[in-house]
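Undergrad: Once you've had a glance at the structure underneath, I'll fire off some questions.
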Amino acid sequence: MAVSLERARRLGCTCLKALLRFAFMVANNLVAIPSYVLYLIVLQPLRVLDSQTFWYIEGVLFKWLLAMVASWGWWAGYTVVEWGDDVKAVSEDEAMVLVNHQATGDVCTLMMCLQDKGTVVRQMMWLMDHIFKYTNFGIVSLIHGDFFIRQGKAHRDQQLVLLKEHLEKYYRSRNRKWIVLFPEGGFLRKRRETSQAFAKKNNLPFLKHVTLPRLGATQVILKTLVAPQENGTPVGGDTVIKESKSKGLQWVIDTTIAYPKGDPIDIQTWILGYRQPTVTHVHYR
Numbered sequence: 001m002a003v004s005l006e007r008a009r010r011l012g013c014t015c016l017k018a019l020l021r022f023a024f025m026v027a028n029n030l031v032a033i034p035s036y037v038l039y040l041i042v043l044q045p046l047r048v049l050d051s052q053t054f055w056y057i058e059g060v061l062f063k064w065l066l067a068m069v070a071s072w073g074w075w076a077g078y079t080v081v082e083w084g085d086d087v088k089a090v091s092e093d094e095a096m097v098l099v100n101h102q103a104t105g106d107v108c109t110l111m112m113c114l115q116d117k118g119t120v121v122r123q124m125m126w127l128m129d130h131i132f133k134y135t136n137f138g139i140v141s142l143i144h145g146d147f148f149i150r151q152g153k154a155h156r157d158q159q160l161v162l163l164k165e166h167l168e169k170y171y172r173s174r175n176r177k178w179i180v181l182f183p184e185g186g187f188l189r190k191r192r193e194t195s196q197a198f199a200k201k202n203n204l205p206f207l208k209h210v211t212l213p214r215l216g217a218t219q220v221i222l223k224t225l226v227a228p229q230e231n232g233t234p235v236g237g238d239t240v241i242k243e244s245k246s247k248g249l250q251w252v253i254d255t256t257i258a259y260p261k262g263d264p265i266d267i268q269t270w271i272l273g274y275r276q277p278t279v280t281h282v283h284y285r
């Protein structure tokens, strides 16, 4: 009986904490997101007069919003240990960040990791499923210039064309540095069996902890953002360098997120904090 009462008390405390956290997150969103939008509306004349300064200010506001989301996880005791190469050393260079995908919490984990990577967090472009456009953070990503991609064979070719156009229009004009995408095209639990069947059929590696990547978006990014070269030097030589400060995409950062016992954190857990404090490992290469 005592055990049952103790369990009931713990459950009650967990539910109360989750409710209070949820109320706090709602208040956060009701204040922070409209503030972001209103500030940028007021600053529209600056966008016409000095677009670089406008997008600098937008980037700072964007970083603060990502820090807010990261703080929710930190408050719940969800921390990160980072391994591998020091990616901060290339934070001023253009890079493509490839990340494995297990749950909605992957994005929140990245938001936490990127806070100490210099200015890059405010100069990033994210590729994400179009469903995120309709979330509370969708309006922020839309203004920031992230790309929402539709899944499925029916949309594949059209989406790649739209991605190329989006990169040409927004990536350099807004001084973006890193572009983040999840090449697996979906969550591990949903894609694993299909990936393994495809691997078996085509004599490819049989993977358990990740799935075979989908290369369409990756190829478009590389073809669009890597500076054309001939014999190891930029095509056009000094002329190209003078005309553009950008050296093109220089790095591919392979990022692996690993959760304890393979149990990923989803966005609901990140917000409500009902799971015990845990350490997520992130490896860069």
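No gaps in the numbering here: position 196 of the sequence shown is 196 in the UniProt record's numbering, and each next residue is one more. Here a beta-carbon is modelled for each residue, glycine too, at the ideal position from N, C-alpha and C.
1) If you follow the beta strand (DSSP E) that residue 286 is part of, which residue opens it and which one closes it?
2) In terms of DSSP beta bridges, what is residue 84 paired with?
3) Please give me, in chain order, every unbroken run of the alpha helix (DSSP H) with length at least 4 that falls completely inside the UniProt domain "Phospholipid/glycerol acyltransferase" (95 to 219).
4) For residue 259 and residue 102, which I take to be in contact (beta-carbon distance under 8 Å), what is that distance rounded to the nearest angstrom?
5) Taking residue 22 as the reference, give the member of 155, 43, 95, 73 with the closest Cα.
6) Excluding the 5 residues preceding and the 5 following residue 77 in the sequence, name in chain order all residues of the same chain whose CB lies nearer than 6 Å to its CB.
7) Just confirm the distance between the C-beta atoms of residue 156 and residue 124, as a whole number of angstroms; I'd bet it's less than 8 Å.
8) How big is the Cα-Cα spacing for residue 165 and residue 181?
9) I'd like to check one pair, residue 120 with residue 178: are the Cβ atoms closer than 8 Å?
10) What residue range is occupied by the uninterrupted alpha helix (DSSP H) comprising residue 60?
11) Counting beta carbon pairs with one atom in the segment 196 to 213 and one in the segment 122 to 140, are three or more of them shorter than 8 Å?
12) From residue 60 to residue 206, what distance separates their C-alpha atoms?
13) With a CB to CB cut of under 6 Å and the five nearest residues on each side skipped, what residues in its chain are close to residue 55?
14) If you reduce the DSSP assignment to three classes, tell me which class residue 43 lands in.
15) Taking just the CA atoms, how far does residue 225 sit from residue 167?
16) Compare the beta carbon distance of residue 80 and residue 109 with 8 Å and say whether it is the shorter of the two.
17) Taking the straight line between their C-alpha atoms, what separation do you get for residue 75 and residue 18?
18) Quick one: what's got a C-beta closer than 8 Å to residue 118's C-beta in the same chain, skipping five residues either side?
19) From the DSSP output, read off the bridge partner residues of residue 254.
20) Is residue 282 closer than 8 Å to residue 257 when the C-beta atoms are compared?
21) Do residue 202 and residue 33 come within 8 Å of each other at the CB atom, strictly closer than that value?
22) Candidates 38, 99, 169: which alpha carbon is nearest residue 211's?
TA: Let me lay it out:
1) The question about residue 286 has no answer, for the chain in this structure spans 1 to 285.
2) 284
3) 105 to 113, 138 to 144, 153 to 166, 188 to 201
4) 7 Å
5) 73
6) 277
7) Residue 156 to residue 124, Cβ: 24 Å. No contact.
8) 17 Å
9) yes
10) 51 to 76
11) no
12) 43 Å
13) 174
14) coil
15) 8 Å
16) yes
17) 12 Å
18) 88, 91, 92
19) 98
20) yes
21) no
22) 99
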